[in-house]
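Reviewing the structure listed below.
Numbering (the numbering used here), first residue to last: 1475 to 1557.
This is the structure in structure tokens:
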């Protein structure tokens, strides 16, 4: 999300999460091939799993930062909520 507005909050993702996702995606695409050679379905599924785990880590990172920002705003407004 590149725009900053009240209805579109922004969060940041760590370089480690992005690097891991990039690596997993590169390994997956190398394994999946371009259709010119047979694909090993088991290896492709393993690489797909690695991509999904990396995506999960990115999403957890985003969710954690969004919660921190929300708690910070609530604290600044004096409306701290219990979760």
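Every residue, glycine too, gets a C-beta built ideally from N, C-alpha and C.
* Only counting runs of 4 or more residues, tell me where the alpha helix (DSSP H) segments fall wholly within the segment 1482-1515, in order along the chain. => 1489-1506
* In the structure shown, what three-state DSSP assignment does residue 1523 receive? -> Counting from one through the chain shown, the residue named residue 1523 turns up at place 49. Residue 1523: helix per DSSP, three-state reduction.
* C-beta atoms of residue 1579 and residue 1535 nearer than 8 Å -> No answer is possible for residue 1579: it lies beyond the span of the chain, which begins at 1475 and ends at 1557.
* Nearest CA to the CA of residue 1507: which residue from 1486, 1495, 1521 and 1494? -> To locate residue 1507, count along the chain shown from 1; it is residue 33. Minimum Cα distance to residue 1507 is reached at 1521.
* C-alpha gap between residue 1481 and residue 1487, whole angstroms -> The sequence position of residue 1481 within the chain shown is 7, counting from 1. The sequence position of residue 1487 within the chain shown is 13, counting from 1. Their Cα atoms are separated by approximately 19 Å.
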